[in-house]
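Asks:
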Amino acid sequence: MNGFKDIVILSAVLFLSFISVQAKSQLIIGRYDTIRVEVTITDEGEKVPTGELDPLFLYARANAKMRKMYEAWTRLRNAVYVTYPYAKTASRVINEINRELVGVTNRKKRKAIIKSHEKELRTQFTSKIKNLSVYQGKVLMKLICRETGSSCYEILDEYKGDFNAFVYQGVAKLFGSSLKQTYDPNGEDRSIEILVQQAQAYYRF
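Okay, here's the thing in structure tokens:
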């Protein structure tokens, strides 16, 4: 009786094995059943699957010097972003004045043209500029020079006269600044230039 059971079990195993082999032989691999990966061939000719990992950035813990540099950069960036639109507007107005003054020789008419645009600037920016810090004011003078090609002293001298320029220069010195400061994009004002270019690229100033 046990011999008969053994024969039945053996037959069942052989039958199931046959079905499994048949199923495998009929297996159809679809287009999404294979994962394609890049392969690197070693010197021995072995093919090794490879992949690109996301970059891992390691940062050193900021020391006091690095924190101070970061704070200075952030302060300058904020000052540039706040004052650059004012410098752009000042440049636009000065260009308009120059265009209107072309061919005008009458002193009274020239003064009237300058006065009208001065009023425009005062209306737009007096309250805003009063809220600037001394540091932001220094950056603004740098940016005005960048946009116009002239220092604030030269602009005042041209449109308001020597005496006014002298007075404003005296006031500026009280705040530790100078209306005569120029703009050097490749030297001491390199950081400002980088920030201006970033503002133009990202914020369309």
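The sequence shown begins at 82 in the numbering used here and counts up by one. Note that CB positions come from ideal geometry on N, CA and C, so glycine has one too. This one's a predicted model, so the numbers in the text were calculated from it and none came from an experiment.
In whole angstroms, give me the CA-to-CA distance for residue 141 and residue 155.
Replies: Taking the straight line joining both Cα atoms gives about 19 Å.
Asks: Quick test of your reading: residue 158 and residue 276, contact by CB under 8 Å. State the CB separation rounded to the nearest angstrom.
Replies: Right, the Cβ-Cβ distance comes to about 5 Å (below 8 Å), so this counts as a contact.
Asks: Could you tell me the distance, in whole angstroms, from the CA atom of residue 200 to the CA atom of residue 135?
Replies: The alpha-carbon atoms of residue 200 and residue 135 are separated by roughly 57 Å.
Asks: Kindly identify the DSSP beta-bridge partner or partners of residue 122.
Replies: Bridge partners of residue 122: 128.
Asks: Using the Cβ count rule (16 or more neighbours within 10 Å means buried), how would you classify residue 288?
Replies: Look at the range of the chain in this structure, 82 to 286, and you will see that residue 288 is not part of it.
Asks: Give me the Cβ distance between residue 217 and residue 163, rounded to the nearest whole Å; I'm assuming they're in contact under 8 Å.
Replies: Contact flag correct, Cβ pair sits at about 6 Å.
Asks: As a quick exercise: from 269, 231 and 257, pick the residue whose alpha carbon is nearest that of residue 168.
Replies: Closest option to residue 168, Cα to Cα, is 231.
Asks: May I ask you to report which of helix, strand or coil DSSP gives residue 266?
Replies: Coil at residue 266, not helix or strand.
Asks: Using beta-carbon positions only, say whether residue 195 and residue 234 come within less than 7 Å of one another.
Replies: No. Outside cutoff.
Asks: If we count the other Cβ atoms within 10 Å of its Cβ and call it buried at 16 or more, is residue 171 buried or exposed?
Replies: The residue is buried, with at least 16 neighbouring Cβ atoms inside 10 Å.
Asks: Checking 7 Å against the spacing of the C-beta atoms, do residue 223 and residue 175 come in under that value?
Replies: No, these two residues do not count as a Cβ contact at 7 Å.
Asks: What do you get for residue 131, buried or exposed, if any count of 16 or more other CB atoms within 10 angstroms of its CB means buried?
Replies: Classification for residue 131: exposed.
Asks: Would you identify the three-state DSSP class for residue 216, choosing helix, strand or coil?
Replies: It is helical.
Asks: Please list the terminal residues of the continuous alpha helix (DSSP H) segment that includes residue 284.
Replies: Unbroken alpha helix (DSSP H) run through residue 284: 271-284.
Asks: Alpha carbon to alpha carbon, how far is residue 149 from residue 207? Give it in angstroms, no decimals.
Replies: Answer to the nearest angstrom: the Cα atoms are 33 Å apart.
Asks: What do you get for residue 264, buried or exposed, if any count of 16 or more other CB atoms within 10 angstroms of its CB means buried?
Replies: The residue in question, residue 264, is buried, as its Cβ has 16 or more Cβ neighbours within 10 Å.
Asks: How big is the Cα-Cα spacing for residue 213 and residue 183?
Replies: Answer to the nearest angstrom: the Cα atoms are 34 Å apart.
Asks: Output the distance between the C-alpha atoms of residue 146 and residue 262, rounded to the nearest integer angstrom.
Replies: Roughly 28 Å between the two C-alpha positions.
Asks: Would you tell me roughly how many angstroms separate the C-alpha atoms of residue 191 and residue 173, rounded to the nearest one?
Replies: Straight-line Cα distance between these residues: approximately 18 Å.
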